[in-house]
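These notes concern the structure reproduced below.
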Amino acid sequence: MIPVAYAVLNLDAVVQNLAVVRKHAPEAKIMAVIKANGYGHGMLRVAEALKSVDAFAVARADEGVRLRKAGLTNRIVVLEGFTCHSELDEHLQHDLSAVVHSLEQIEIFAARPERSAISVWVKVDTGMNRLGFRPQDLAEMHERLLACSIARQPYHYMTHFANADDVGDRKTLDQIRLFEATVLPYSGQRSMANSAAILGWPQSLADWVRPGIMLFGISPFPDTTGAMLGLRPIMSLHSRLISVKTIAAGETVGYGSGWRCERPTRLGVIAIGYGDGYPRYAKPGTPVLVNGVRVPLIGRVSMDMITVDLAAQPGAKPGDPVTLWGEDLPVEEIARHAETIPYTLVCGITPRVQIVEQT
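According to the working numbering, the sequence shown is numbered sequentially starting from 8.
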């Protein structure tokens with residue numbers, strides 16, 4: 008049976024996007040960020056396509072365990088680290104590197120008898136105010152960490168930018184300078200650059216870069232598409248028309264009767280909705296491709312269906328193909344119409360959508 012809603016993944020594109028990373032950061036090691044099920048694209052399939060990278064980064068230990076059980080031998084860094092002894096045990100059992108960002112983690116380390124058992128990335132909070140040690144506290148935390156036999160030396164150091172997607176915001180430059188000054192007394196490798204910094208802040212590249220969204224062909228910058236940066240999207244989302252009808256001027260469409268026809272309108276009903284991950288708050292006028300031609304969304308997005316105005320496709324009929332986003336309709340554009348970011352769209356694809364790998 009042909010799936011109604013399905014996403015096509017072009018895994019050759021991720022290799023091309025990795026080449027863009029290497030072009031911008033030719034001297035840096037690459038830690039590919041594939042958390043959140045590979046930004047909705049499937050963590051294991053993406054990891055397999057990226058096996059040439061130096062390391063993978065995931066958010067949580069269970070993601071790293073999945074990679075190890077799938078046979079991946081690259082270094083794996085857990086960005087949230089561990090919060091208890093059982094999570095630390097998972098790190099040790101599966102050779103996962105830990106990000107250490109709190110005194111509580113160091114106290115867990117201090118209670119362990121193992122020697123040089125785990126690789127450590129120390130997180131420095133330079134202004135994101137999320138995870139990490141404040142610069143003024145790092146020296147004390149470093150001394151405490153030295154007393155923990157379990158932590159393998161040398162330690163490595165990372166920070167995360169708050170505003171790297173705005174190349175005119177000086178805060179990123181301030182964060183770079185603060186990080187470099189804070190970690191200057193210590194040996195070990197450094198990492199600062201996420202996707203936006205790789206593309207927009209070359210002074211942040213350091214020893215390791217951490218590309219995430221750009222690997223999936225999506226721009227980290229507002230009002231920019233991946234294609235404008237030389238990237239190719241991996242995912243395209245598709246469905247089909249299931250009904251076509253004509254309604255009179257003055258009639259309304261969808262829940263809340265929020266969209267009213269100004270003229271006789273031939274509308275199409277498409278089998279996709281927020282139950283599949285299409286954005287609930289996509290506004291009327293959001294573009295959809297029917298038979299490769301742009302038509303506008305009308306009415307509200309419902310759980311299983313959306314409606315479009317077929318004036319530009321008068322010959323459209325049930326069964327005709329529909330693209331919701333992809334190479335010819337950037338996901339960044341759909342995100343803008345829904346007043347969100349493209350990360351939420353690709354991460355939000357639900358299990359009801361069948362995944363098809365392009366061959």
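Built from N, CA and C at the ideal position, the CB exists for glycine as well.
Under a Cβ-count criterion, where at least 16 other Cβ atoms within 10 Å of its own Cβ denotes burial, should residue i be classed as buried or exposed?
i      : result
ILE6   : Shown here, the chain extends from 8 to 366; a query on residue 6 therefore has no answer.
GLY88  : buried
ASP61  : exposed
ALA26  : exposed
ALA118 : exposed
ALA188 : exposed
GLN182 : buried
ARG247 : buried
GLU70  : buried
VAL363 : exposed
LYS368 : With the chain represented from 8 up to 366, any question about residue 368 goes unanswered, as that position is not in the structure.
ALA256 : exposed
LEU153 : exposed
PRO337 : buried
ASP176 : exposed
ALA146 : exposed
ARG184 : exposed
Kindly list the residues whose CB is nearer than 6 Å to the CB of residue i, restricted to its own chain and excluding five residues on each side of it in sequence; keep chain order.
i      : result
GLU258 : CYS268
GLU339 : SER226, THR232 and PRO349
GLY207 : VAL174
LEU57  : ALA39
GLY47  : VAL353, CYS354 and ILE356
ARG67  : GLU87
GLY45  : VAL53
VAL129 : VAL107, TYR162 and TYR164
SER156 : ARG122
ASP283 : ALA12, THR357, ARG359 and VAL360
ARG137 : none
Leaving aside the five residues before and after residue i along the sequence, list all residues of the same chain whose C-beta is less than 7 Å from its C-beta, in chain order.
i      : result
PRO229 : ASP172
GLY280 : VAL308, SER309, MET310, ASP311, MET312 and ILE313
SER126 : SER104 and ARG159
HIS92  : ILE115
ASP316 : THR272, LEU274, VAL302, PRO303 and ILE305
GLY237 : VAL27
VAL22  : ALA56
LYS252 : LEU274
GLN112 : GLY88 and PHE89
ASP300 : Reading off the sequence shown, one finds Val at residue 300, where the question assumed Asp. Excluding sequence neighbours, VAL300 sits near ALA319 and GLN320.
My guess is that residue i and residue j are in contact by the Cβ rule of under 8 Å, so how many angstroms apart are they, rounded?
i      : j      : result
ALA20  : GLY224 : 6 Å
HIS245 : PRO328 : 7 Å
THR166 : VAL131 : 5 Å
PRO161 : GLY139 : PRO161 to GLY139, Cβ: 18 Å. No contact.
PHE168 : MET135 : 7 Å
ASN17  : MET221 : Rounded, the Cβ-Cβ distance is 15 Å, inconsistent with contact.
LEU331 : TYR285 : 6 Å
ALA278 : ALA12  : 6 Å
ASP214 : ARG197 : 5 Å
LEU95  : ALA77  : Not quite, the Cβ-Cβ distance comes to about 22 Å (not below 8 Å), so this is no contact.
ALA323 : ASN298 : 6 Å
VAL65  : ILE37  : Contact flag wrong, Cβ pair sits at about 15 Å.
Once DSSP output is grouped into helix, strand and coil, what is the label at residue i?
i      : result
ILE249 : strand
GLY78  : coil
PRO271 : coil
VAL40  : strand
TYR285 : coil
ILE183 : helix
PRO3   : With the chain running from 8 to 366 in the structure shown, residue 3 is simply not present.
GLN361 : strand
ALA32  : coil
ALA64  : strand
MET242 : strand
SER264 : helix
PRO294 : strand
ALA54  : helix
HIS168 : It should be pointed out that residue 168 corresponds to Phe in this sequence rather than to His. Correct three-state label for PHE168: coil.
LEU86  : coil
VAL15  : strand
Looking only at its own chain, which residues have a Cβ that is under 8 Å from the Cβ of residue i, when we skip the five neighbours before and after it?
i      : result
SER59  : LEU25
ILE341 : PRO286, ALA289, THR293, PRO294, LEU331, TRP332, PRO349 and LEU352
GLN365 : VAL15, LEU16, ASN17, LEU18 and ASP19
THR263 : In the sequence under discussion, the amino acid at residue 263 is Gly, which differs from the Thr named in the question. If we look at GLY263 and ignore the five residues flanking it on each side, its Cβ neighbours are ARG307.
* Asked: If you scan the region 186-220 from start to end, which runs of the beta strand (DSSP E) of 3 or more residues do you find wholly inside it?
  -> Within the region 186-220, the complete beta strand (DSSP E) segments of 3 residues or longer fall at 197-200, listed in chain order.
* Asked: Where in the region 297-355 do unbroken runs of the alpha helix (DSSP H), each at least 4 residues long, occur, reported from the N-terminal end onward?
  -> Uninterrupted alpha helix (DSSP H) stretches at least 4 residues long and entirely within the region 297-355 occur at 338-344 and 349-354, given in chain order.
* Asked: Which ranges would you report for the alpha helix (DSSP H) in the region 91-118 if only whole runs of at least 4 residues count?
  -> Counting whole runs of 4 or more residues, the region 91-118 contains the alpha helix (DSSP H) stretches 92-100 and 110-117.
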